[in-house]
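Residue numbers (the numbering used here): 129 to 595.
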């Protein structure tokens, strides 16, 4: 294998450049050229296929910094439609014209689905990334627990998961954790700690919304910020019991901090944040306000009298506030855990292609005896019998639904990831760079400027600014 293409697709994470860097460094050692495709699958769907050589003379370009958040290759949520044979043929022919012998896709479950039709034409592997930590399995036979239910719309189905294993062995998890997750939790936990002091000082109830879509792993990790209540999408809200717990905590400490995953559902299984449905380009429902909807529910349930009876001269609406941590969770400098294992998985992806593997995923396994280790899994193992890949959910063994807190096993799951997740260089970077005086007189120097100068195209160059 002489030349490999690499692309980053889906949402951005802090660990993408680290993963690209690891792939390029391993390719340098194996004397393999690496072509970076700009803007994910959109790049190969474009007639021009904007691209650049990431390792001229087997030397990594200086713009590729593993400590830099985001992705120097750009990303998009465009995917290859497996049913659109014409587009698949065009993508395959374009990569062939680039002289590519294999493709590495860095992404999550959506990227893996987009990779499938291409893997039937030439070797493809996935290096995982997602702040949601939802690419993987809690145990090997988990895909067989999904069932399909018809909806009122012809041809549309709803997928439901039956819980088959009441217990969980951490050693059996497939892809224990994905790059990007640790940094997202680091940001979330710090944000919760800061919001806590406002809630405590003003005697208020704070509802903090974190990302994760249908998976509650970020909410799980937010326990490091010591929220009083943690709500996850996998566990529908028992609102009466939740309200009672909020009242108890408020009477005890005069404030409450609630963390809510953006995909949290009500007792009927409906997402709180998707009452007004909108969709992203990949067709996923955009969750617009789980925290706001929960606030409205608490406003009505607790009422003004709850606060006035405690000599609070304000309404329920003003005593309860919401905050979304939003895209801060997926941006900025990755912490040590993500930089190290992101680069390791990038290197593993190169090795898989060099070994002649196809349609597989580089994985990060963990065992109590050996700690973290690199491995791989065939992509089809992640699929259900309808060929779909579902987001990994937080297993019930990780959560104590009665206390709205982590269980003992949930805490044990987090410890290997976060005990040494932050490096001394992370602390030194904050000390030396955050208030660097040079920032006051120098404009931000975007890596896109350097990348733009390196771009090449299959067809005549498009208008300036097009990529």
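Idealized CB from N, CA, C, for every residue including glycine. Given the structure is predicted, the values throughout are model-derived calculations rather than measurements.
Nearest to residue i (by Cα), restricted to the options the options
{"i": "residue 517", "options": "234, 240, 269 and 276", "result": "240"}
{"i": "residue 204", "options": "220, 166, 534 and 520", "result": "166"}
{"i": "residue 493", "options": "541, 452 and 529", "result": "541"}
{"i": "residue 307", "options": "148, 200, 230 and 499", "result": "148"}
{"i": "residue 187", "options": "172, 428, 568 and 152", "result": "152"}
{"i": "residue 450", "options": "463, 326 and 230", "result": "326"}
{"i": "residue 279", "options": "437, 369, 271 and 288", "result": "288"}
{"i": "residue 302", "options": "527, 510 and 552", "result": "510"}
{"i": "residue 183", "options": "579, 587 and 539", "result": "579"}
{"i": "residue 371", "options": "295, 277, 536 and 430", "result": "430"}
{"i": "residue 202", "options": "237, 574, 434 and 444", "result": "574"}
{"i": "residue 206", "options": "179, 225, 172 and 221", "result": "172"}
{"i": "residue 502", "options": "528, 531, 255 and 180", "result": "255"}
{"i": "residue 384", "options": "498, 328 and 393", "result": "328"}
{"i": "residue 445", "options": "439, 437, 456 and 424", "result": "424"}
{"i": "residue 397", "options": "378, 363, 369 and 529", "result": "363"}
{"i": "residue 428", "options": "437, 392 and 443", "result": "443"}
{"i": "residue 588", "options": "548, 179, 465 and 561", "result": "179"}
{"i": "residue 439", "options": "379, 192, 549 and 570", "result": "379"}
{"i": "residue 229", "options": "305, 237, 245 and 249", "result": "249"}
{"i": "residue 530", "options": "454, 369, 572 and 558", "result": "369"}
{"i": "residue 304", "options": "555, 581, 267 and 554", "result": "267"}
{"i": "residue 245", "options": "265, 208, 222 and 335", "result": "208"}
Cβ-Cβ distance between residue i and residue j below 8 Å
{"i": "residue 458", "j": "residue 142", "result": "yes"}
{"i": "residue 253", "j": "residue 480", "result": "yes"}
{"i": "residue 474", "j": "residue 168", "result": "no"}
{"i": "residue 129", "j": "residue 482", "result": "yes"}
{"i": "residue 485", "j": "residue 504", "result": "yes"}
{"i": "residue 389", "j": "residue 359", "result": "yes"}
{"i": "residue 247", "j": "residue 432", "result": "no"}
{"i": "residue 227", "j": "residue 154", "result": "no"}
{"i": "residue 337", "j": "residue 419", "result": "yes"}
{"i": "residue 342", "j": "residue 519", "result": "yes"}
{"i": "residue 526", "j": "residue 352", "result": "no"}
{"i": "residue 317", "j": "residue 350", "result": "yes"}
{"i": "residue 299", "j": "residue 496", "result": "yes"}
{"i": "residue 568", "j": "residue 296", "result": "no"}
{"i": "residue 393", "j": "residue 361", "result": "yes"}
Backbone CA spacing between residue i and residue j [nearest angstrom]
{"i": "residue 159", "j": "residue 134", "result": "16 Å"}
{"i": "residue 386", "j": "residue 175", "result": "48 Å"}
{"i": "residue 399", "j": "residue 185", "result": "51 Å"}
{"i": "residue 566", "j": "residue 190", "result": "21 Å"}
{"i": "residue 138", "j": "residue 260", "result": "12 Å"}
{"i": "residue 177", "j": "residue 212", "result": "18 Å"}
{"i": "residue 533", "j": "residue 320", "result": "15 Å"}
{"i": "residue 348", "j": "residue 515", "result": "29 Å"}
{"i": "residue 136", "j": "residue 251", "result": "17 Å"}
{"i": "residue 355", "j": "residue 522", "result": "18 Å"}
{"i": "residue 263", "j": "residue 583", "result": "31 Å"}
{"i": "residue 551", "j": "residue 564", "result": "20 Å"}
{"i": "residue 309", "j": "residue 491", "result": "14 Å"}
{"i": "residue 367", "j": "residue 376", "result": "14 Å"}
{"i": "residue 426", "j": "residue 477", "result": "48 Å"}
{"i": "residue 194", "j": "residue 463", "result": "10 Å"}
{"i": "residue 313", "j": "residue 220", "result": "38 Å"}
{"i": "residue 535", "j": "residue 273", "result": "23 Å"}
{"i": "residue 512", "j": "residue 346", "result": "25 Å"}
{"i": "residue 140", "j": "residue 170", "result": "15 Å"}
{"i": "residue 507", "j": "residue 435", "result": "54 Å"}
{"i": "residue 559", "j": "residue 586", "result": "45 Å"}
{"i": "residue 441", "j": "residue 452", "result": "26 Å"}
{"i": "residue 572", "j": "residue 365", "result": "44 Å"}
{"i": "residue 224", "j": "residue 454", "result": "39 Å"}
{"i": "residue 324", "j": "residue 417", "result": "20 Å"}
CB-CB length for residue i against residue j, believed under 8 Å
{"i": "residue 197", "j": "residue 461", "result": "6 Å"}
{"i": "residue 234", "j": "residue 257", "result": "5 Å"}
{"i": "residue 373", "j": "residue 357", "result": "6 Å"}
{"i": "residue 333", "j": "residue 447", "result": "6 Å"}
{"i": "residue 200", "j": "residue 145", "result": "6 Å"}
{"i": "residue 93", "j": "residue 381", "result": "With the chain covering 129 to 595 only, the question about residue 93 has no answer from this structure."}
{"i": "residue 340", "j": "residue 391", "result": "6 Å"}
Test: residue i CB closer than 8 Å to a CB of chain D
{"i": "residue 170", "result": "The structure shown contains no chain D; it is built from a single protein chain."}
### Query
For the region 281–343, which segments carrying the beta strand (DSSP E) assignment without a break, of at least 3 residues, lie completely within its bounds, in sequence order?
285–289 and 333–338
### Task
Go through the region 495–529 residue by residue and report every complete run of the beta strand (DSSP E) that reaches 3 residues or more, in order.
499–506
### Task
Please specify which runs of the beta strand (DSSP E), each continuous and at least 3 residues long, are wholly inside the region 234–289, giving them in chain order.
252–256, 274–278 and 285–289
### Length-filtered (4 minimum) alpha helix (DSSP H) runs lying within the region 145–186
168–173
### Task
Run through the region 412–451 for me and flag every whole alpha helix (DSSP H) of 4 or more residues, listed as ranges in chain order.
418–436 and 444–447
#### Entry: Runs of beta strand (DSSP E) lying entirely within the region 370–395, each at least 3 residues, in chain order
384–389
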